[in-house]
């Protein structure tokens with residue numbers, strides 16, 4: 047089965063034997079991260095990941111996502127982790143500091159544990175951009191899930 051993603055064909059594989067962790071921020075859950083999560087779950091089902099092999103950790107915000115990953119890595123030992131969140135630009139540089147810290151935390155964990163961790167954290171200027179990137183064919187939750195499984199299946 048194939049799926050188009052950013053104009054490229056992605057061949058879906060059988061990922062039924064993979065254990066996949068999802069770390070999702072509850073900040074903007076009703077508007078954004080819930081949609082990212084739904085997209086990731088849809089993609090996991092398409093790739094045949096069994097429900098019992100999906101471990102979900104919820105965090106209050108994006109800054110806490112790396113710690114959620116640590117808890118998964120130390121306890122559940124997943125084959126890959128999908129991170130989902132949304133950081134909206136504000137009146138200060140707060141968004142840049144949070145995005146940088148979270149990204150670096152994820153990179154560090156990927157290197158330390160040698161487990162793929164996909165970055166499905168939106169960094170946007172406003173909520174309209176976030177909504178556009180969390181729905182339909184442009185759902186970045188789908189892309190993050192596919193990236194995590196592709197890397198786990200290397």
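In our numbering, the protein residues as written are 47 to 200.
Every residue, glycine too, gets a C-beta built ideally from N, C-alpha and C.
Kindly indicate which three-state DSSP category residue i falls into: helix, strand or coil?
i           : result
residue 181 : coil
residue 136 : coil
residue 126 : strand
residue 111 : helix
residue 206 : Only positions 47 to 200 of the chain appear in this structure, which leaves residue 206 out of reach.
residue 53  : Reliability fails at residue 53, whose pLDDT of 47 lies under 50, so the model's placement of it is uncertain and no value is given.
residue 157 : helix
residue 146 : helix
residue 168 : strand
residue 65  : coil
Can you have a look at residue i and say buried or exposed, based on whether 16 or more other CB atoms are within 10 angstroms of its CB?
i           : result
residue 74  : buried
residue 71  : buried
residue 121 : exposed
residue 201 : The first residue shown for the chain is 47 and the last is 200, placing residue 201 beyond what the model contains.
residue 200 : exposed
On a CA-only basis, which of the options is nearest residue i? Give me that one, please.
i           : options            : result
residue 158 : 182, 115, 166, 188 : 115
residue 77  : 195, 168, 193      : 168
residue 204 : 79, 124, 90        : Any answer about residue 204 is impossible in this case: the structure gives the chain only from 47 up to 200.
residue 191 : 62, 101, 66        : 66
residue 95  : 113, 59, 111, 129  : 59
residue 136 : 119, 200, 100, 173 : 173
Once the 5 residues before and after residue i are set aside, which same chain residues still bring their CB inside 7 angstroms of it?
i           : result
residue 156 : 162, 163
Quick one: what's got a C-beta closer than 6 angstroms to residue i's C-beta in the same chain, skipping five residues either side?
i           : result
residue 195 : 61, 93
residue 198 : 64, 125, 126, 162
Starting from the C-beta of residue i, find all residues in its chain whose C-beta is less than 8 angstroms away, skip the five residues before and the five after it, and write them out in chain order.
i           : result
residue 152 : 111, 112, 115, 129, 163, 165
- Do the stretch 134-147 and the stretch 178-192 touch if we need at least three Cβ pairs shorter than 8 angstroms? no
- For the 8 angstroms Cβ check, are there 3 or more pairs between the stretch 179-199 and the stretch 144-151? no
- Message: Across the stretch 83-90 and the stretch 106-113, are there enough close Cβ pairs to call them in contact, namely three or more that are closer than 8 angstroms?
- Response: no
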